[in-house]
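Going by my numbering, the sequence shown opens with residue 23, and the numbers climb by one from there.
Ideal Cβ placement from N, Cα and C applies to all residues, glycine included.
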Amino acid sequence: MTRAPDCLKCRHFFVTWDTRYPRGCRVFEIKSRELPSHVVLRSTGRQCPSFERSPKVDAG
Ligand code: SF4
Numbered sequence: 023m024t025r026a027p028d029c030l031k032c033r034h035f036f037v038t039w040d041t042r043y044p045r046g047c048r049v050f051e052i053k054s055r056e057l058p059s060h061v062v063l064r065s066t067g068r069q070c071p072s073f074e075r076s077p078k079v080d081a082g
């Protein structure tokens, strides 16, 4: 995978309701302004390995 996974389509993503850090990931316990997968890439040097498509997101 060359691009960071789309957290918005991932079942581990959540909205924190913290306006400063609105995007959260339950796997990595991240809250940030940007997509959690970008934070994971920057801090680990690797793409997030934990993407799982949310059942709430339509295929495609
Ligand atoms: S597991 Fe990975 S893809 Fe899913 S929300 Fe967290 S950082 Fe994003």
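Any idea if residue i is buried or exposed, counting beta-carbon neighbours within 10 angstroms, 16 or more meaning buried?
i     : result
SER65 : exposed
PRO58 : buried
Between which two residues does the alpha helix (DSSP H) harbouring residue i extend?
i     : result
VAL62 : 58 to 66
Quick one: what's got a C-beta closer than 8 angstroms to residue i's C-beta in the same chain, skipping five residues either side?
i     : result
VAL37 : PRO44, ARG45, GLY46
GLU56 : ARG45
Could you check the C-alpha separation between residue i and residue j for me, to the nearest Å?
i     : j     : result
HIS34 : ARG42 : 19 angstroms
ARG48 : HIS60 : 15 angstroms
Return the chain-ordered list of same chain residues with a C-beta closer than 7 angstroms to the C-beta of residue i, the five sequence neighbours on each side being excluded.
i     : result
GLU74 : CYS32, ARG33, HIS34
VAL62 : PHE50, CYS70
What is the DSSP secondary structure of residue i, reduced to helix, strand or coil?
i     : result
LYS31 : helix
From what residue to what residue does the beta strand (DSSP E) around residue i run?
i     : result
LYS78 : Here LYS78 belongs to no beta strand (DSSP E), and DSSP marks it neither H nor E.
ARG45 : 45 to 47
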